[in-house]
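Quick notes on the structure that follows.
Residue numbers (our numbering): 30 to 427.
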């Protein structure tokens, strides 16, 4: 018998969770001040306990009938340079098929505004058929804890250290000192994964970068040419967005300001149109997916503040990771995976691959998949599965 278990550590216990859900249900049905307030500003009512329940419902639906169990864990951030004392500073992870006997673990790091279960949902079952899979959320984002107080990082170097330390605290506690990882990072998660591989190459047996952000520096002349090619309204919008970006304003902060159920409607529309999830999931799983992703983005913002520290407006590299990748030991293979329509520019990965191969390094590849965009593991899960399978099996043989 396979148990589908979530080892969920609720900050106030399961009885408090039940009370929270009952209170929320009562508030929704109430015509009193609490019910009115919740209807006006639903985002005020997203607690981590409620979002952990959303996680349970999503994963139970995704894995039902597959034979794979899952475990969700909170790992305290300690024994790293940026560790603090706040008990809420925990890294959330979801592990699937932990009983597999392979020597290498697939560790997946999501991108900005996402979480492991919400980002990699379409490929999770396929990857679990190959071995142990760990979806590790960013420290201070995704389903990880939200420490109170001022956000400690104040620049790019500190922001990257904060996120890399969170991943390493998880690795130390959950995989130990002999960890062997096939490390996958998506979008901004690819920045975290690249820096992690540079700092801890002994644990990374293959680095996979899916739609990576900040691979190359953007030529400022391209931005200026774009601004000259559009009308005054779009030029104004770009400059306004760039100014907000530099001030540290994030898309989530706008989402949290929306009244009524507009945040959930927005997320549901995105998941339906961009991920085409409604066409590939049953109704209950689709609902669980957009409710889960809404909660992730509506919880208080902590490490989402790294956006403007690590990337310049709008999504441009401050420090390109091409330089970081060039410093990796040669025993760490690198695989780029893009969709042909990825706005992160597939030619950047191809450029890095060519330069490294021209320099004599043979274990670097770049895949550009047809009919796919920034989420190739959602748009073309079968193709990405074969790429992951090849990389993972090669890790296990080495």
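Glycine is no exception: its CB is placed at the ideal position from the N, C-alpha and C atoms.
Suppose contacts are defined by Cβ-Cβ distances below 8 Å. Is residue 141 in contact with residue 238 by that definition? In the chain shown, residue 141 corresponds to position 112, counting from 1. In the chain shown, residue 238 corresponds to position 209, counting from 1. For residue 141 and residue 238, no; Cβs fall outside 8 Å.
Complete alpha helix (DSSP H) runs within the segment 227–311 (minimum length 4 residues, chain order): 249–258, 261–275, 280–286, 291–302, 306–309
With DSSP collapsed to three states, give me the class of residue 223. Looking up residue 223 in the chain shown gives position 194. Helix at residue 223.
Could you tell me which uninterrupted alpha helix (DSSP H) segments, each at least 4 residues in length, are contained entirely in the segment 324–391, listed from first to last along the chain? Listed in chain order, the complete alpha helix (DSSP H) runs (minimum 4 residues) inside the segment 324–391 are 336–339, 350–355, 375–387.
Considering only DSSP beta bridges, list what residue 152 is partnered with. For the purposes of this step, residue 152 is taken as residue 123 along the chain shown, with counting starting at 1. DSSP, once it has assigned bridges, lists no residue as partnering residue 152.
Taking only the alpha-carbon atoms, compute the straight-line gap between residue 405 and residue 346 and give it to the nearest angstrom. What you label residue 405 is simply residue 376 of the chain shown in a count that begins at 1. What you label residue 346 is simply residue 317 of the chain shown in a count that begins at 1. Spanning the two alpha carbons is a distance of roughly 21 Å.
Among all the DSSP beta bridges, which residues are the ones paired with residue 398? To locate residue 398, count along the chain shown from 1; it is residue 369. DSSP, once it has assigned bridges, lists 368 as partnering residue 398.
Given a cut-off of 8 Å on the beta-carbon distance, is the pair residue 98 and residue 241 in contact? For this step, residue 98 is matched to residue 69 along the chain shown. For this step, residue 241 is matched to residue 212 along the chain shown. No, the pair does not count as a contact, with Cβ atoms beyond the cut-off.
Coarse secondary structure for residue 103, derived from DSSP in three states: Here residue 103 corresponds to residue number 74 of the chain shown, with the count starting at 1. Here DSSP, grouped into helix, strand and coil, assigns residue 103 to strand.
Around the C-beta of residue 333, are 16 or more other C-beta atoms found within 10 angstroms, so that it is buried, or is it exposed? Here residue 333 is taken as the residue at index 304 of the chain shown, counted from 1. Answer is buried; the Cβ neighbour count reaches 16.
Residue 421 to residue 187, Cα distance in whole Å? Locating residue 421 in the chain shown gives position 392, counting from the first residue. Locating residue 187 in the chain shown gives position 158, counting from the first residue. In this model, residue 421 and residue 187 are separated by some 31 Å (Cα to Cα).
Element boundaries [alpha helix (DSSP H), containing residue 201]: Locating residue 201 in the chain shown gives position 172, counting from the first residue. It spans 185–203 - the alpha helix (DSSP H) in which residue 201 sits, taken as one unbroken run.
Taking only three categories from DSSP, how would you classify residue 118? By 1-based counting over the chain shown, the position of residue 118 is 89. Residue 118 falls in the coil class under three-state DSSP.
Please determine, among 144, 130, 168, the residue with the shortest C-alpha to C-alpha distance to residue 161. Here residue 161 corresponds to residue number 132 of the chain shown, with the count starting at 1. When only C-alpha atoms are compared, the closest one is 130.
Across the segment 134–149 and the segment 213–228, are there enough close Cβ pairs to call them in contact, namely three or more that are closer than 8 Å? yes
With a 10 Å radius around its C-beta and 16 neighbouring C-beta atoms as the bar for buried, classify residue 321 as buried or exposed. In the chain shown, residue 321 corresponds to position 292, counting from 1. Buried, by the Cβ-count rule.
Could you have a look at residue 133 and say whether DSSP puts it in helix, strand or coil? The count along the chain shown starts at 1 and reaches residue 133 at position 104. Looking at residue 133 - three-state DSSP - the assignment turns out to be coil, as it is neither helix nor strand.
To the nearest angstrom, how far is the alpha carbon of residue 249 from that of residue 349? In the chain shown, residue 249 corresponds to position 220, counting from 1. In the chain shown, residue 349 corresponds to position 320, counting from 1. Distance between the alpha carbons of residue 249 and residue 349 is about 14 Å.
Bounding residues of the beta strand (DSSP E) (the contiguous stretch that carries residue 213): As a working mapping, residue 213 is identified with position 184 in the chain shown. Unbroken beta strand (DSSP E) run through residue 213: 210–215.
Whole-angstrom C-beta distance between residue 220 and residue 271, which should lie under 8 Å: To locate residue 271, count along the chain shown from 1; it is residue 242. To locate residue 220, count along the chain shown from 1; it is residue 191. Actually they are not in contact, since the Cβ atoms of residue 271 and residue 220 sit about 20 Å apart, beyond 8 Å.
Buried or exposed for residue 163, going by 16 or more other Cβ atoms inside 10 Å? Here residue 163 refers to the residue found at position 134 when the chain shown is read from its first residue. Its Cβ being crowded by 16 or more others within 10 Å, residue 163 is buried.
Which same chain residues end up closer than 7 Å to residue 227 when comparing Cβ atoms and leaving out the 5 residues on each side of it in sequence? Working through the chain shown from its first residue, we reach residue 227 at position 198. So the qualifying residues of the chain are 353, 356, 357.
As assigned by DSSP and simplified to three states, the class of residue 164: Sequence index remark: in the chain shown, residue 164 carries index 135 (1-based). Note: residue 164 maps to strand in three-state DSSP.
Residue closest to residue 294, alpha-carbon to alpha-carbon, out of 279, 179, 318: Counted from its first residue, the chain shown places residue 294 at position 265. By alpha-carbon distance to residue 294, the top candidate from 279, 179, 318 is 318.
Tell me, please, whether the segment 278–294 touches the segment 115–123 by the rule of three or more beta-carbon pairs shorter than 8 Å. The segment 278–294 and the segment 115–123 do not touch, with fewer than 3 CB-CB distances between them shorter than 8 Å.
Rounded to whole angstroms, what is the Cα-Cα separation between residue 191 and residue 230? As a working mapping, residue 191 is identified with position 162 in the chain shown. As a working mapping, residue 230 is identified with position 201 in the chain shown. Taking the straight line joining both Cα atoms gives about 18 Å.
Is it buried or exposed for residue 292, if we count other Cβ within 10 angstroms and need 16 for buried? Here residue 292 corresponds to residue number 263 of the chain shown, with the count starting at 1. That one is buried.
With the cut-off set at 8 Å, would you say residue 174 and residue 118 are in Cβ contact? Numbered from its first residue, the chain shown carries residue 174 at position 145. Numbered from its first residue, the chain shown carries residue 118 at position 89. Yes, these two residues count as a Cβ contact at 8 Å.
Buried or exposed: which applies to residue 235, given that a residue is buried once 16 or more other Cβ atoms fall within 10 Å of its Cβ? Within the chain shown, the letter at position 206 stands for residue 235. So residue 235 counts as buried.
Count the other CB atoms, across all protein chains shown, that sit within 10 Å of the CB of residue 265; report buried if there are 16 or more and exposed otherwise. Within the chain shown, the letter at position 236 stands for residue 265. Under this definition residue 265 is an exposed residue.
Minimum C-alpha distance to residue 246 - residue among 397, 108, 373: Against the chain shown, residue 246 aligns to sequence position 217. Ranking the options by Cα distance to residue 246, first place goes to 373.
For residue 323 and residue 144, what's the separation of their Cα atoms in angstroms? Counted from its first residue, the chain shown places residue 323 at position 294. Counted from its first residue, the chain shown places residue 144 at position 115. Here the C-alpha atom of residue 323 lies approximately 11 Å from the C-alpha atom of residue 144.
Could you check the C-alpha separation between residue 408 and residue 394 for me, to the nearest Å? Numbered from its first residue, the chain shown carries residue 408 at position 379. Numbered from its first residue, the chain shown carries residue 394 at position 365. Here the alpha carbons of residue 394 and residue 408 stand approximately 20 Å from one another.
Looking at C-alpha atoms only, which residue of 328, 312, 91 is the closest neighbour of residue 177? Counting from one through the chain shown, the residue named residue 177 turns up at place 148. Cα-wise, what sits closest to residue 177 is 328.
Would you tell me roughly how many angstroms separate the C-alpha atoms of residue 110 and residue 78, rounded to the nearest one? Start at 1 with the first residue of the chain shown, and residue 110 comes out as number 81. Start at 1 with the first residue of the chain shown, and residue 78 comes out as number 49. Looking at the two C-alpha atoms, the distance is approximately 29 Å.
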